[in-house]
Each structure stands twice: as structure tokens, then as C-alpha cells.
Amino acid sequence: MYRILQAYLRSFLAPDSGRNENLQARISGANARVESIFLCSLVSAVSLLVFFTSPLEAAWQPSLAVGIQTNGDSIDFVPTGGTAALSLRDEKKVLLKYPAAQIIHVKIQGNEICVNGKPVSSDVLNFKEEKEGVADSLRWSLKGKSYRGSLRITKQGAKLIVTNLIPTEDYLLGTVGEEMPPDWNAEALKAQVVAARTFALKNRKRHAREGYDLCNTTHCQVYGGVGAEHPSVEQAVKMTHGEVLTYQGKLIDAVFHTDSGGMTENSQNIWGSDVAYLAPAKEIQQKTMPWNLSIPEAKFIATLAKNGFSIGTLKRVELSPLVIGKEGKDRFLSGRVKAVKFIGTKGSVSISGNKLRDMFALRSTLFEMHLSRGSIGVQGYGWGHGLGLSQWGAQAFAKQGMKYDDILKHYYRNVAIKKLY
Ligand SMILES: [Zn+2]
């Protein structure tokens with residue numbers, strides 16, 4: 000029976016298993032627990048029911064390894080609310096204990112890691128709550144932030160990598176409020192939580208080479224630890240516990256952005272690859288979150304030249320007027336720019352909207368562009384790549400009474416919402 004559960008979990012969490020030791024360890028741990036429960040179930044048929052409703056099983060969830068320091072050769076931190084225990088590599092044996100409020104100083108000296116001045120014969124240190132299974136009260140205070148879970152410190156060459164090992168649901172508590180204002184509508188927050196959970200689990204091997212799953216910046220998702228938690232986010236996490244988005248039975252890449260400006264985009268037009276569930280979705284309002292930019296012509300020409308487009312003095316800029324929901328020769332259906340044509344004294348060039356966004360750090364590719372009085376004027380809308388969930392759009396739908404599951408299905412086409420654990 001436990002094999003069914005094992006296969007179910009693996010089908011979601013370990014499609015290309017083997018590299019994520021942390022997650023594999025969690026799965027093995029879960030299997031061991033499930034196995035022992037299964038053996039008990041042989042004693043009586045009633046305990047089979049217990050198998051499915053066991054608090055142990057219900058409590059299981061994947062753990063994430065979040066990189067919180069990826070540079071430097073030392074780190075100071077303080078355990079609060081509990082006693083920290085140090086063990087080496089994957090060993091269970093506790094090497095040293097540190098009471099609450101004691102500063103722990105870890106530093107590379109010579110070619111060794113030293114803890115509070117004493118050399119430790121290991122490249123991997125694990126700091127955990129002393130007693131496993133006690134109430135989760137221990138926090139780690141470091142670099143002005145506080146973290147749940149446990150810490151893993153790894154020596155990689157001359158660098159100390161500090162990783163926070165944390166159950167997925169706790170990770171979300173410290174993430175969602177950094178990505179969406181906690182005072183937003185509860186349904187928008189729930190939609191963001193499910194997208195963030197799916198994104199984290201789908202991308203959990205993103206930094207496998209560096210020794211952790213996810214970084215704590217916008218590259219993955221901003222993670223601020225305990226200080227970023229908020230009661231409304233906690234509620235949204237609880238209400239959607241374990242829920243993820245799937246397409247054809249697999250976790251989706253639940254990308255999101257700040258504001259689409261009127262209509263989201265399909266992945267082909269941004270990434271150059273077709274992802275079926277990332278398709279254009281209309282917003283309630285159009286031309287939202289307007290922005291303006293004026294680039295002096297000389298600077299514009301110089302940037303073009305730096306990127307290999309030397310066309311002399313600019314004579315004309317060709318781009319059709321912005322219409323959201325109508326595809327044109329130089330615009331996609333969402334109104335985003337396919338390409339702009341620049342005619343200069345020494346030639347002309349057509350540059351894609353995505354390339355222009357990179358070159359001039361534009362908020363989006365949903366814009367008008369004009370040449371006037373020695374400068375290039377750009378009037379745009381929205382913020383971000385325009386793929387998947389639009390956060391301001393989700394907030395607008397939520398305010399109109401739409402529920403989080405419908406919001407998610409609006410932005411991610413033909414997906415299902417599944418309870419993974
Ligand atoms: Zn990252």
C-alpha cells in the first residue's frame with residue numbers, strides 16, 4: 000500500500016530524481032514512516048484507515064533548501080527559543096550543543112571550517128533543534144533576519160554557503176508576503192500561494208550546482224524568513240495546504256509577474272518555446288500601470304551601436320499604434336511589440352520587443368515608441384514579462400468576487416489544482 004503513496008509522491012516530486020539529496024532524504028524519511036505505519040496496519044483492518052488519516056502522513060511535506068548566504072568565508076548567527084545541535088555531514092550524532100542566545104561564529108581558517116575558533120573536520124555542518132520532534136520554537140537569527148527550520152553550512156572552496164532547510168509550507172510563510180502585499184484580497188493571496196508553492200517545487204533543483212534548491216532573491220522567489228510573515232499570508236497558506244497546479248499530471252512552471260497591462264502573453268513570444276498552459280488571458284482593465292521613459296537620441300544611438308546595430312543618425316521609428324487584443328504585423332495579440340523598425344542615415348534595423356526591453360531596461364514590451372525633438376519617447380503599460388499570473392490582474396478579479404482556483408485557471412490554461420500532500 001505504501002508503494003502506491005510512494006509512487007504518487009515520486010510522480011510529482013522526483014520526475015528526474017537523484018540530484019536532490021535533501022528532497023530524496025525527505026521522501027525516504029516519509030517512506031520509512033509510512034512503511035512502519037503499514038506494518039502496523041497488518042495487525043488490524045481498522046488500522047488501514049489510520050494509514051490514510053495518520054497525523055504523521057498528513058504532516059509530511061517536502062523540504063526546500065534555500066540559499067541565504069552564497070558568498071563570504073564566515074557567518075555569525077544566534078539560535079533563539081531553543082538549543083542548537085551541531086552534527087556533521089549526514090551523521091545523526093550530535094557533536095556540540097549551543098544554548099539559546101549564544102553567538103555561533105563559523106569561519107574558514109586555512110583550509111578548515113572553525114566553529115567558535117575550534118576546527119571541525121567536515122565540509123558540511125548541520126545546525127538543528129537539539130531534540131527532534133519538539134515544538135517548532137527554535138529560530139536562527141543571522142544578518143538581521145530570523146529563520147525557521149535548520150541551517151546547513153557547506154564549505155565550497157574558499158566560500159561558506161549557508162542554506163536554510165525548511166518545510167515547503169514554512170517557506171511560503173516567508174515568501175508570499177515579499178511577492179504580493181499581505182493586505183491584498185484573500186483570494187488573490189491564495190492564488191499567489193498556490194503559484195508560489197508550485198513554482199518552488201517545480202524549480203527546486205534550480206541551484207543544484209551551488210548545493211541548494213532555490214535562492215532567496217527575485218531570481219527564484221524573494222524569501223525573507225520570519226520577519227516577512229503576516230497573518231493574512233499564514234491564513235492563505237493554511238487554506239491551500241499542499242495545493243499545486245498541474246498540467247497533464249505534472250507540476251507546471253507557475254511563472255507570474257506584477258501586471259500584464261491588459262492581456263497576458265503566450266510563452267512562444269517571450270521564451271521562444273511553446274508551453275501550452277502559458278497562453279494569452281484577458282484582464283478586466285486595459286492599459287494598466289502606465290510608465291514613461293525618455294531616452295536622449297545620442298544615448299539611444301550609442302546603445303544600439305553597442306548592441307551591434309549601427310544605423311547612423313535616427314530618421315524615423317516605425318511601430319503601429321498599440322491595440323490590446325488585435326495581432327498586427329509588428330505586435331502580438333496582447334499588443335506587445337514583436338519588433339520596432341529604426342531607419343537611420345546609414346541603414347535600417349528591426350529589433351524585437353524583447354531585445355529592446357533588455358537593452359533599455361523597459362518595464363514591459365507593451366509600449367508605444369516615438370522619435371521627437373532629439374529623444375525617443377516610450378509610453379508603456381504593465382510590469383514584467385507578461386507570462387502566467389498577473390498579480391494586479393489577480394487582485395482585480397478577486398475584488399470582483401472571483402475565487403482563487405478560478406483566478407489560477409484563468410491565467411494558467413487547462414490546468415488542474417491538486418492536493419499534493
Ligand atoms: Zn535563484
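Going by numbering that gives the first Met the number 0, the first residue of the sequence shown is number 0, and it counts up by one from there.
Backbone N, C-alpha and C define an ideal beta-carbon position, used for all residues, glycine too.
None of these values were measured; they are calculated from a predicted model.
| Query | Result |
| --- | --- |
| Backbone secondary structure at H409 - three-state DSSP | helix |
| Short Cβ contact (8 angstroms threshold) for H256 with G383 | yes |
| T197: CB within 7 angstroms of a non-hydrogen atom of ligand 1 | no |
| Of the residues G71, I294, G156, I103, the one placed nearest L361, counting alpha carbons only | I294 |
| Three-way DSSP call (helix, strand, coil) for E111 in this model | strand |
| Option nearest A194 by Cα separation, candidates G226, V236, L159, D212 | V236 |
| V49 in three-state terms, based on DSSP | Confidence at V49 is low in this model, with a pLDDT of 35, below 50, so the placement of that residue should be treated as unreliable; the coordinate-derived value is given next. Reduced to three states, the DSSP call for V49 is helix. |
| Range covered by the beta strand (DSSP E) that runs through F126 | 123-128 |
| Exposed unless 16 or more other CB atoms sit within 10 angstroms - verdict on A393 | buried |
| At least three beta-carbon pairs within less than 8 angstroms, the region 175-193 to the region 393-406 | yes |
| Boundaries of the alpha helix (DSSP H) in which A190 is found, first to last residue | 185-201 |
| Any non-hydrogen atom of ligand 1 closer than 7 angstroms to R412 Cβ | no |
| Buried versus exposed call for A199 [16 or more other C-beta atoms within 10 Å across all chains shown] | buried |
| The region 358-372 / the region 241-251 touching (three or more Cβ pairs under 8 angstroms) | no |
| Own chain residues within Cβ distance below 6 angstroms of V49, not counting five before or after | Legend: pLDDT at V49 = 35, less than 50; position of this residue unreliable, no value from coordinates given. |
| Pairwise C-alpha distance: E296 and G454 | With the chain covering 0 to 420 only, the question about residue 454 has no answer from this structure. |
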